[in-house]
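Worksheet for the structure shown next.
Next up, the structure:
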């Protein structure tokens, strides 16, 4: 059978779009973008994080339009982003200035500023609740007298490790970061490419590979979470470059620093390695704690590779965690492949014919 | 007052006040619009704390407006899609750069600082209600 080019299906495609739109509204009920924005914070956070674009209104719009389909919502937001000009780069954003709304350490019970649970589903029963109500938190009473910290200036837990001599802070590296939205990742990847790729990775993919790393296919050790913090991070620009910055708004971030015990490069006189701690780093838009923790695990595994470990292979990890790329490739398989399949078919028939 | 400070007070705590200021005074300071409120992106550059290096974590939607009086330019860049606030902040920046209406602006900013203090105190109280008291756990 020869190859015959065909075209067609325009009417069928239009009809399919019509049926799809009708199916979306078959119940006759609708929710507004404002409803999505008001009630689906965690979903909005995931979409913004994977789309690598922060705007709660646009993310809510994308979620509504995508009928709650994550990959579709991320695709819509990425596509919208591609229509907008990049006007500015922020000045260096330092998370030490974050207004902390939640902050816990799994490594130390007593940390300066305390364990602040904030808003989290961690302590709720995982039972479907048909009596959900919403209310405000009472703010009666004052700030405890003994509380001497400001929430936008809380010490970091790594400061404590450093003060004990268990972690050595590296000198500031002010190298201009690579930008994977402008130039494709090249391997071996740079640290800035890895972190940018991980923070916009698909939540499920990043989490799964982080789990793989811990379970026995990489570093294979239980990391200790030094600190998870969630809060509002101010962003500034300096268009004139004279140090006189403008504030342009806050973004909600989740930041994780995971402690990994490691042999120091320096050895003692008897040849034994001294133990020290290294840090795996995670940072995401919104409150995405699981993803940020997994990111810190993968950051560590890619920065301190275990030979032959899949999660130490930057090409393996970074080229497969992007939502738009992976779901786009997988879903394209259902599109017409008549020509390529015809070629396969011809070869199979040929080999059968040869055998017969 | 530094740009960083006044822009934070207006954008975070004084949207209404900024727009009211613009509505009240924009006809008293003649200006040209260089660029109307336009949506665009700002890439956020972050310092991470494992290796102390920099990386780009993603972009945020912003609205930008540029206005001009003579050779002096006013810039209004605000998070999200907010044409009114962007225009008002651009006008306020122009006033600061021209040295005009400073007393009026400082009166507003004094009030916004009080508003900020109240917000931070209430928010801090709310958040610290969730601070774990380990001593209590042993009782």
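Protein chains in written order, with this note's numbering: chain A, 124 to 479; chain B, 17 to 155.
Using N, Cα and C, we set each Cβ at its ideal position, and we do this for glycine too.
Flagged as an interface residue toward chain A: residue 72 of chain B, by a C-beta distance shorter than 8 Å. At least 8 Å separates the CB of residue 31 of chain B from every CB of chain A. In this structure the segment 299-317 of chain A does not lie against the segment 397-404 of chain A, because fewer than three pairs of beta carbons, one per stretch, are closer than 8 Å. Contacts with chain B (Cβ-Cβ distance below 9 Å) from the segment 162-192 of chain A involve 171, 172, 174, 175, 176, 177, 178, 179, 180, 181, listed in chain order. Contact between residue 406 of chain A and residue 64 of chain B holds: CB atoms are separated by about 7 Å, below the 8 Å threshold.
When the five nearest sequence neighbours on each side are left out, the beta carbons in the same chain lying within less than 6 Å of the beta carbon of residue 223 of chain A are those of 274, 277, 352, 354, in order along the chain. In the DSSP assignment, residue 88 of chain B forms a beta bridge with B/85. When CB distances to chain B are screened at a threshold of 9 Å, the residues of the segment 225-249 of chain A falling below it are 225, 227, 232, 233, 236, 237, 238, 239, 240, 241, 242, 243, in chain order. Residues of chain B whose Cβ lies closer than 8 Å to the Cβ of residue 372 of chain A are, in chain order, 27, 28, 76, 78, 94, 95, 96.
Within the model, the alpha-carbon separation for residue 350 of chain A versus residue 228 of chain A is close to 4 Å.
Residue 63 of chain B has a beta carbon lying within less than 8 Å of a beta carbon in chain A.
Within the segment 30-59 of chain B, the residues whose Cβ lies closer than 7 Å to some Cβ of chain A are 55, 56, 57, 58, 59, listed in chain order. Rounded to the nearest angstrom, the gap between the Cα atoms of residue 214 of chain A and residue 254 of chain A is 46 Å. Taking residue 324 of chain A as the centre and dropping the five residues before and after it, the same chain places the C-beta of 444 closer than 6 Å to its C-beta, in chain order.
Pairwise C-beta distances place the segment 103-113 of chain B in contact with the segment 80-91 of chain B, as three or more of them are shorter than 8 Å. For residue 200 of chain A, no Cβ of chain B is located within less than 8 Å of the residue's own Cβ. Taking a beta-carbon distance threshold of 8 Å, residue 137 of chain B counts as an interface residue toward chain A. Any Cβ of chain A closer than 8 Å to the Cβ of residue 91 of chain B would place that residue at the interface, and such an atom is present. Using a CB distance cut-off of 8 Å, residue 478 of chain A does not count as an interface residue toward chain B.
Contact annotation for residue 112 of chain B against chain A: no contact, minimum CB-CB distance about 11 Å [criterion: below 9 Å]. Uninterrupted alpha helix (DSSP H) stretches at least 4 residues long and entirely within the segment 152-180 of chain A occur at 156-162, 164-174, given in chain order. The C-beta of residue 131 of chain B comes no closer than 8 Å to any C-beta of chain A.
Note that the segment 45-59 of chain B touches the segment 74-85 of chain B; at least 3 beta-carbon pairs, one per stretch, sit closer than 8 Å.
The segment 417-433 of chain A and the segment 328-347 of chain A touch, with three or more beta-carbon pairs separated by less than 8 Å.
DSSP lists A/373 as the bridge partner or partners of residue 357 of chain A. Within its own chain, the residues whose Cβ lies closer than 7 Å to the Cβ of residue 200 of chain A, once the five positions on either side in sequence are excluded, are 170, 174, 176, 181, 182, 185, listed in chain order.
Looking only at A/289, A/285, A/220, A/300, the smallest Cα-Cα distance to residue 272 of chain A is reached by A/220.
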